[in-house]
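Numbering (our numbering), first residue to last: 4 to 229.
This report refers to the structure that appears directly beneath it.
Now the structure itself:
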């Protein structure tokens, strides 16, 4: 008997086959949250690992859909008070120490948080690259908070050209409606009227025209094994 594949992309493909059934009836909007959970605990290693999984999941989605017919959106709902500090040398581990403070003689890491549940005191005898290491925070809180920077919105597929510049959050929903001929979008877009005047599309054609909206941490929801 052949051993089961542990390839993350294979797992994503298998999971996507299940959720793709829902595309026939409605668009897929998937949100995980494991990146968010890592940051809330000040565990940068966990957040970055989940970000890598997220990237793999997006790559798998792009292999499985036809971007000539499917709009794929990748975004986040907020940022975090998570910073890259000082001037670490090229090749320095992102989770490692960046230097020694001339004020107190203690090392400091490249990454840190403005607030959260971790200690505010730095130590020299710790493994900063451990998966559960908590980067120091400036303000001690039960959980790290969200931040207020603008987040990125990436798009590929039909009407992707409408994603540019700075957009208010509510505009994204209207953009999806317009691209998929849904709601007010069906009334405002002339192509939607042309499609209605023509022969009714098949179920397969309708499903291919659905929107796949991939939100932050899709990988956390689909990639269950490494």
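Note that CB positions come from ideal geometry on N, CA and C, so glycine has one too.
Collapsed DSSP secondary structure at residue i in the structure displayed
i, result
"residue 174", "helix"
"residue 102", "strand"
"residue 193", "helix"
"residue 51", "helix"
"residue 36", "coil"
"residue 42", "helix"
"residue 4", "Since pLDDT at residue 4 reaches only 41, below the 50 mark, its modelled position is unreliable, and the value read off the structure follows with that caveat. Coil, per DSSP."
"residue 127", "coil"
Check whether residue i and residue j have beta carbons under 8 Å apart
i, j, result
"residue 135", "residue 190", "no"
"residue 103", "residue 113", "no"
"residue 1", "residue 76", "Residue 1 cannot be examined here, being either before or after the span of the chain that is shown, 4 to 229."
"residue 133", "residue 161", "no"
"residue 43", "residue 178", "no"
Cβ neighbour criterion (16 or more within 10 Å) applied to residue i
i, result
"residue 169", "exposed"
"residue 205", "With a pLDDT of 46 at residue 205, under the threshold of 50, the modelled position of that residue is not reliable, and no figure is offered here."
"residue 41", "buried"
"residue 81", "exposed"
"residue 118", "buried"
"residue 230", "A query on residue 230 cannot be resolved here, the shown segment of the chain reaching from 4 to 229 and no further."
Per DSSP, the bridge partner or partners of residue i
i, result
"residue 250", "Outside the shown range of the chain, which is 4 to 229, sits residue 250, and nothing can be said about it."
"residue 111", "102"
Q) In chain order, which continuous runs of the beta strand (DSSP E) of length 3 or greater are located wholly inside the stretch 53-92? A) 75-78, 85-87
Q. Taking only runs of the beta strand (DSSP E) that begin and end inside the stretch 135-161, which ones reach a length of at least 3 residues, in chain order?
A. 140-143, 156-159
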